[in-house]
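> In our numbering, each residue's number is its place in the sequence shown (first place is 1) plus 461.
All C-beta atoms in this analysis are idealised placements derived from N, C-alpha and C, irrespective of residue type, glycine included.
Only a predicted model underlies this, so the values are computations on that prediction, with no experimental measurement involved.
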Amino acid sequence: MSTISLLTIVVLILMVAVGGRQGWNAFWSLLLNFCCLFFAIVLVSWGFSPLVITLLAGILILAQTIWLGVDDSYVASRSFLASLAVFAVLFILIVVVEHFARVPGFGLEDTDALEGMSLNIGISYARISVMVAALCSLGAIAEAAISVAAGMETIIHQEEKAADQSLFYAGLTIGRQIIGTALNTLFFGFFGGFLALFIWFTGLGYSFLTVVNDKVFVNEIIIVLVSFVGVLLTVPVTAWLISWRDQH
462 MSTISLLTIV VLILMVAVGG RQGWNAFWSL LLNFCCLFFA IVLVSWGFSP
512 LVITLLAGIL ILAQTIWLGV DDSYVASRSF LASLAVFAVL FILIVVVEHF
562 ARVPGFGLED TDALEGMSLN IGISYARISV MVAALCSLGA IAEAAISVAA
612 GMETIIHQEE KAADQSLFYA GLTIGRQIIG TALNTLFFGF FGGFLALFIW
662 FTGLGYSFLT VVNDKVFVNE IIIVLVSFVG VLLTVPVTAW LISWRDQH
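1) Suppose the cutoff is 8 Å on Cβ atoms and the five residues either side in sequence are ignored; what does the same chain contact list for L545 look like?
2) Nearest-angstrom Cα distance between L512 and T615?
3) With DSSP run on the structure shown, which of helix, strand or coil describes L665?
4) Is N486 near L529, with beta carbons less than 8 Å apart?
5) Quick check: the region 495-510 against the region 642-661, are there 3 or more CB pairs under 8 Å?
6) Leaving out five residues on either side along the sequence, give the residues of the same chain with a beta carbon under 6 Å from the beta carbon of S540.
7) Can you tell me whether L670 is buried or exposed? The criterion is at least 16 other CB atoms within 10 Å of its CB, across all chains shown.
8) With H, G and I counted as helix, E and B as strand and the rest as coil, what does DSSP make of L475?
9) If you scan the region 471-553 from start to end, which runs of the alpha helix (DSSP H) of 4 or more residues do you find wholly inside it?
10) Should Q638 go down as buried or exposed, given a rule of 16 or more other Cβ atoms within 10 Å for buried?
11) Count the other CB atoms within 10 Å of the CB of S668; is the residue buried (16 or more) or exposed (fewer)?
12) Rounded to a whole number of angstroms, what is the C-alpha to C-alpha distance between L517 and F655?
13) Please tell me whether V477 has its Cβ less than 8 Å away from any Cβ of chain C.
14) Hey, quick one: how far does the alpha helix (DSSP H) through V677 stretch, first residue to last?
15) Look up I602 in the DSSP assignment and say whether it is helix, strand or coil.
16) When burial is assigned at 16 or more other CB atoms within 10 Å of the CB, is R563 buried or exposed?
17) What does the alpha-carbon distance come out to for the pair F689 and F651?
18) Among the candidates A603, D533, V557, whose CA atom is the shortest distance from the CA of A643?
19) For the putative contact between S538 and F629, defined by C-beta atoms under 8 Å, what is the C-beta separation to the nearest angstrom?
20) Do you know offhand how far L596's Cα is from S627's?
21) Tell me whether R588 is buried or exposed, calling it buried when 16 or more other Cβ atoms sit within 10 Å of its Cβ.
22) Look up S585 in the DSSP assignment and say whether it is helix, strand or coil.
23) What three-state label does DSSP hand R637 in the structure shown?
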């Protein structure tokens, strides 16, 4: 048995032991999302538009993550709608930011790794950058939506007659609690994945201004900032949609 297989089994056992049925659903959600990403990459390599594939893959990933992560169908549907709305806004924002940032493709630090390889693959690197940034933001959007939805779901079950306004503010309160955690998760995820390159920058004697203007660094910063914007937008939108009852 390989190390990856062993770790996968350990993760599955712990998810089921701690989360029960929800842990099992979350594990299947992870597998389905992996398959979705894999097929998205294959379709792009076959020549399909990266932007169209990004939109379709994003919708599927959000649907699988939220519907398998939330029990209450009303809460799941509202949080899914909120995630779709935020994803649409972020997609437009990413297209605009990537256009003006002009950082698609590879940096000078990738020269050695790409030596001998052809870059003429027939796919727009600008669109690939949009695809990467958009798909990377999905985890932050889904996490924020599910966190707010799960907390509001508990409130709905405990206080069936709670006023919509008080329910909305309760959702905002829940969201405020996760914003700091989400920011730290995104930041340390970025720093951990970028640590080797930071050490390389230091060894090469890069100045601070050189680092913050480096193409690879700017690309990663855009992803982190866009993801955090997604979290900030998801909290109020999810809280509002869940508190907005059907009789309205």
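The answer reads as follows:
1) I520, L523
2) 37 Å
3) coil
4) Contact: yes.
5) Short answer: they don't touch.
6) I527, A606, A610, T699
7) exposed
8) Judged by DSSP in its simplified three-state form, L475 adopts helix.
9) 482-506, 511-528
10) exposed
11) exposed
12) 29 Å
13) The chain inventory of the structure shown lacks chain C, comprising one protein chain alone.
14) 676-704
15) helix
16) exposed
17) 12 Å
18) A603
19) The pair is not a contact, with the Cβ atoms about 17 Å apart (cut-off 8 Å).
20) 33 Å
21) buried
22) coil
23) If DSSP states are grouped into helix, strand and coil, R637 belongs with the helices.
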